[in-house]
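Visitor: My structure is below; once you've seen it, I'll send some questions.
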Amino acid sequence: MSIITLLTDFGISDEYVGLMKGVILAITPSVVIVDITHQIDPQDIVQAAYTIKSSYRYFPTKTVHLIVVDPGVGGDRDIIAVQVMGHFFMAPDNGVLTLLYDEGKIDSIVRIDNSTFFLKSVSQTFHGRDIIAPVGAHIANGVPLNTLGSEIGLTDIIRLKDLSARISPQGELIGKIVSIDRFGNLITNIDSKQLLEYAQSAQDGKPQIRIGDNVVNGISPAYESADQQSALAIIGSRGYLEVAVYKGSAKRYFNVEKGDLVKVTI
Amino acid sequence: MSIITLLTDFGISDEYVGLMKGVILAITPSVVIVDITHQIDPQDIVQAAYTIKSSYRYFPTKTVHLIVVDPGVGGDRDIIAVQVMGHFFMAPDNGVLTLLYDEGKIDSIVRIDNSTFFLKSVSQTFHGRDIIAPVGAHIANGVPLNTLGSEIGLTDIIRLKDLSARISPQGELIGKIVSIDRFGNLITNIDSKQLLEYAQSAQDGKPQIRIGDNVVNGISPAYESADQQSALAIIGSRGYLEVAVYKGSAKRYFNVEKGDLVKVTI
Amino acid sequence: MSIITLLTDFGISDEYVGLMKGVILAITPSVVIVDITHQIDPQDIVQAAYTIKSSYRYFPTKTVHLIVVDPGVGGDRDIIAVQVMGHFFMAPDNGVLTLLYDEGKIDSIVRIDNSTFFLKSVSQTFHGRDIIAPVGAHIANGVPLNTLGSEIGLTDIIRLKDLSARISPQGELIGKIVSIDRFGNLITNIDSKQLLEYAQSAQDGKPQIRIGDNVVNGISPAYESADQQSALAIIGSRGYLEVAVYKGSAKRYFNVEKGDLVKVTI
């Protein structure tokens, strides 16, 4: 019994996700398919990059993760498969896997070009169904990566830059909102380790979190630490800094959008 | 082969539901996971209480139902597991299971506090992933409830009050809208048995259903009993009184919201 | 291991889809259930007809496809099951299966009326749960169609008319938009074969695609053939003509709705 996860920007109004599952099950009927989400904002590679990094480790090793956020479908971008930390990842070569390369030793990177494993007829608009689903099913079946294409190196693939939070010349820790969840929580790219190091370098003063002209003081241990409808900062379930409003929506409270800056000072 | 159902207010935009499934499958790979819904309105315990009561009996006995609508996450509320009617239910102790306690003999209620069965690292914001998913997987694996925590009684847990419709001093049967479905049907908390008893006590007169200033006469046997775009009252698929508009939306027709009153008179 | 697919207009806010799965799994625990989509626009039989036609062939033969778009629930419409191309389809007899009858030899059509295979209590509002789910589970279990009801012929069932694109008296190929997907792509009912024949009959001139007062010239091989934010026509993943905007939304670009006409001239 193996597992394939799906992470896409397809939404669920259309048949696209269902067709990927049909293709997978026709090849490997006993696989379990899990939707991580299909609601990545259309073509938002950064949001997808953080989501897969925060998700994969809750699945057993040998899980095959298929990430289809693919603005370049039908163009000349490649499709790649990567083995790292005992998991398999397949995606268009557009940088969506960037954050995984730092997770641990990379066992293999392959450019998927052996069309034996594709559907017989490959459309120009839906490689998720015609290439990624069938090849992913074969990986779940135990086909070695190097059978599926040519081994390549880290320098041969696209990596996104400036994904992580950074220290500004003025000494602020500057990140941004990479996702806003259903509850209106603002999920940043400032990870807990980075925040801790920053605080320690400032002799453990109390961090102030700034969003636009607003300031939130300190990191709370739980939502309930704040008054109802008050803002708080917290290390969220991803292990990243989140700004929330207890029993309310931080998105509405601060009137912010994905991509807006979040600054930490001491 | 056992079944775990999920009923949450997580929505499906984020990775939260997918992570619960990953955690479950890592513990019990052969379980079948079914989403009842993840679109409970955020933190609406009443809506969730009616949804699980209307749903569980369509699953085989021994199914494990995980209900995660959890305004108090990270605070000091408990997590409980209940065995009733041959089914298992686990949820935060916030009253969301209230309607199940009247379904039949309660075999066991347990406060989940044996952290052996939790994920190793428990966040303060996502007990669904870190406690409820892994413990639920162990229940599906056959771990007895009393291994997971301490047995408690009905008086030790939180039960919601005033969930059911009631007879007013003026002799009206007064309920409310607890859900509005995709088609705009208004689903009330007036169950068919209660409605029948009320009608009989009034010598079987024809019920009138009042929503605000509007009146719907009688209970229809099917949607088609009404003219197109006309309102009708019907016993819906949950076994509760629903107000619908044939080939239209009762929500728009009456301009109502969840929580609005529905009154029955004879 | 067999597969059941679900294609409905139930949405995913309510418990309806989950209950169908519970009923199915109680009868056939080892089946794999795949959601094609539950977001067919309420009661849009035409949209559903094109979706199932474009979807079924990606699943293995013997798959059981349950299509529940059912404006006539509780009235006197029948429920039918059809075996064609080695797949099974069950739906209300309202024409939603029309496009499948031309896919190949029809092995069997049955009016489902053997209530032995229904749930014991059948509601007037949810035949998907009470009839279609349990009967579908029995089909997946290998129960022959003719055990489930009486064999009927193609002339006994409802077929939708005017589904396909047609040549106007002025010699235009006239189709319409049958779906608009998450990305804003306009999916028409003009199939690639029909378009090719039309182009050949006009001595292979370059097709012009007209939507309202707008014109798109030629058929592009891929999204990237157009400039960013420019419109293009393409044979989409369904094998039908689609109008798209590269890295944009054709729905917004043309300000159109499902049902609007799309005309091809040479």
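Protein chains in written order, with the working numbering: chain A, 2 to 267; chain B, 2 to 267; chain C, 2 to 267.
Idealized CB from N, CA, C, for every residue including glycine.
1. Mind pulling the chain C residues with CB within less than 7 Å of Gln48 of chain A?
2. Less than 8 Å between the CB atoms is what I'm expecting for Ile110 of chain A and Gly154 of chain A, so what's the real figure, rounded?
3. Using DSSP with H/G/I as helix, E/B as strand and the rest coil, what is Tyr224 of chain A?
4. Which ranges does the beta strand (DSSP E) cover as unbroken runs of at least 3 residues, wholly within the segment 191–259 of chain A, from first to last along the chain?
5. What number of angstroms, rounded off, separates the C-alpha of Gln84 of chain B from the C-alpha of Thr64 of chain B?
6. Please identify the residue among B:Leu120, B:Glu173, B:Ile158, B:Ile81 whose C-alpha is closest to the C-alpha of Asn147 of chain B.
7. Does any C-beta atom of chain C lie closer than 8 Å to the C-beta of Gly154 of chain B?
8. Using DSSP's beta-bridge definition, name the partner residues of Pro93 of chain B.
9. Can you list, in chain order, the residues of its chain whose CB lies under 8 Å from that of Pro61 of chain B, leaving out five sequence neighbours each side?
10. So, Gly129 of chain C versus Val35 of chain B, is the Cβ gap smaller than 8 Å?
11. Is the CB of Gly75 of chain C under 8 Å away from at least one CB in chain B?
12. Are there 16 or more other CB atoms within 10 angstroms of the CB of Ser169 of chain A, so buried, or fewer, so exposed?
13. Could you tell me whether any Cβ in chain A is nearer than 8 Å to the Cβ of Gln40 of chain C?
14. Taking all protein chains shown into account, decide if Asn95 of chain B is buried (16 or more other Cβ within 10 angstroms of its Cβ) or exposed.
15. Where do the N-terminal and C-terminal ends of the beta strand (DSSP E) with Lys177 of chain B fall, by residue?
16. Looking at the C-beta of Ile110 of chain C, does it have a partner C-beta in chain A at a distance below 8 Å?
17. Taking 8 Å as the threshold (beta carbon to beta carbon), is Met86 of chain C in contact with chain A?
18. Any beta carbon of chain A sitting closer than 8 Å to that of Val70 of chain C?
19. Along the segment 6–32 of chain C, what residues have a CB closer than 7 Å to any CB found in chain B?
20. How many whole angstroms separate the CB atoms of Val69 of chain C and Ile191 of chain C, which I take to be in contact at a CB cut-off of 8 Å?
21. Assess contact between the segment 10–20 of chain C and the segment 248–255 of chain B, defined as three or more Cβ pairs (one per stretch) separated by less than 8 Å. Is contact present?
22. Return the CA-CA distance between Ala223 of chain C and Asn256 of chain C, expressed in angstroms with no decimal places.
23. Within its chain, find whatever has a CB closer than 6 Å to the CB of Leu67 of chain B; leave out the 5 residues flanking it on each side and keep chain order.
24. Residue ranges of each alpha helix (DSSP H) run of no fewer than 4 residues wholly in the segment 83–164 of chain C, ordered along the chain?
25. Pop quiz: Ile212 of chain C and Ile236 of chain C are said to be a contact at Cβ under 8 Å. What is the actual Cβ separation, rounded to whole angstroms?
26. Who does Ile188 of chain B pair with in a DSSP beta bridge?
27. Taking the beta carbon of Gly143 of chain B as the centre, do at least 16 other beta carbons fall within 10 Å, making it buried, or is it exposed?
28. Please list the partners that Ala223 of chain B has in chain C, where partner means a Cβ-to-Cβ separation under 9 Å.
29. For chain A, is any of its Cβ atoms less than 8 Å away from the one on Arg160 of chain B?
30. Taking 8 Å as the threshold (beta carbon to beta carbon), is Pro43 of chain C in contact with chain B?
31. Would you mind reading off the limits of the alpha helix (DSSP H) that contains Ile41 of chain B?
32. Name the residue from C:Leu101, C:Leu262, C:Phe184 whose alpha carbon lies nearest to the alpha carbon of Tyr247 of chain C.
33. Using a C-beta to C-beta distance shorter than 9 Å, which residues of chain B count as neighbours of Arg130 of chain C?
34. Does the distance from the CB of Thr99 of chain B to the CB of Arg160 of chain B come in under 8 Å?
35. Would you mind sorting Met21 of chain B into buried or exposed? The rule is 16 or more other CB atoms within 10 Å of its CB.
Guide: Let me spell this out:
1. Simply none; closest approach about 15 Å.
2. Confirmed, about 7 Å.
3. In this structure, Tyr224 of chain A counts as helix in the three-state DSSP scheme.
4. Secondary structure in the segment 191–259 of chain A: the beta strand (DSSP E) runs of 3 residues or longer, each lying completely within the stretch, are 209–212, 215–218, 232–236, 241–246 in chain order.
5. Using only the alpha carbons, I get a separation of about 10 Å.
6. Per the Cα distances, B:Ile81.
7. Not an interface residue.
8. According to DSSP, Pro93 of chain B bridges with B:Ile80.
9. Close CB contacts of Pro61 of chain B within its chain, under the 8 Å cut and outside five residues either way in sequence, are with Ile4 (chain order).
10. Going by C-beta atoms, Gly129 of chain C is not nearer than 8 Å to Val35 of chain B.
11. Chain B, which has a Cβ nearer than 8 Å to the Cβ of Gly75 of chain C, makes this yes.
12. Per the 10 Å Cβ criterion, exposed.
13. Yes, because at least one Cβ of chain A sits closer than 8 Å to the Cβ of Gln40 of chain C.
14. Around the C-beta of Asn95 of chain B, 16 or more other C-beta atoms lie within 10 Å, and the residue is accordingly described as buried.
15. It spans 174–181 - the beta strand (DSSP E) in which Lys177 of chain B sits, taken as one unbroken run.
16. So no, Ile110 of chain C is outside the interface.
17. For Met86 of chain C, the answer is no, since every Cβ of chain A falls outside 8 Å of its Cβ.
18. No, its Cβ sits nowhere closer than 8 Å to a Cβ of chain A.
19. Listed by position along the chain: Phe11, Gly12, Ile13, Ser14, Asp15, Glu16, Gly19, Leu20, Lys22, Gly23, Val24, Leu26, Ala27, Pro30, Ser31.
20. About 28 Å separates the two Cβ atoms, so there is no contact after all.
21. Contact fails: fewer than three Cβ-Cβ distances are below 8 Å.
22. Cα-Cα distance, rounded: 22 Å.
23. Result list for Leu67 of chain B: Leu7, Met91, Ile133, Gly137, in chain order.
24. Correct list: 134–141, 146–149.
25. No, Ile212 of chain C and Ile236 of chain C are not in contact; Cβ-Cβ is about 17 Å, not under 8 Å.
26. DSSP links Ile188 of chain B through a beta bridge to B:Ser180, B:Glu243.
27. Classification for Gly143 of chain B: exposed.
28. Around Ala223 of chain B, the beta-carbon contacts reaching into chain C at under 9 Å are Val74, Gly75, Gly76, Gln125, Thr126.
29. No, its Cβ sits nowhere closer than 8 Å to a Cβ of chain A.
30. Answer yes: the Cβ-Cβ gap between Pro43 of chain C and chain B drops below 8 Å somewhere.
31. Neither: Ile41 of chain B is in no alpha helix (DSSP H) and is coded neither H nor E.
32. Among C:Leu101, C:Leu262, C:Phe184, the Cα nearest to that of Tyr247 of chain C is on C:Phe184.
33. Residues of chain B passing the Cβ test: Tyr59, Ser238.
34. Their beta carbons are under 8 Å apart, which means Thr99 of chain B touches Arg160 of chain B by this criterion.
35. Looking at its Cβ environment, which holds 16 or more other Cβ atoms inside 10 Å, Met21 of chain B is buried.
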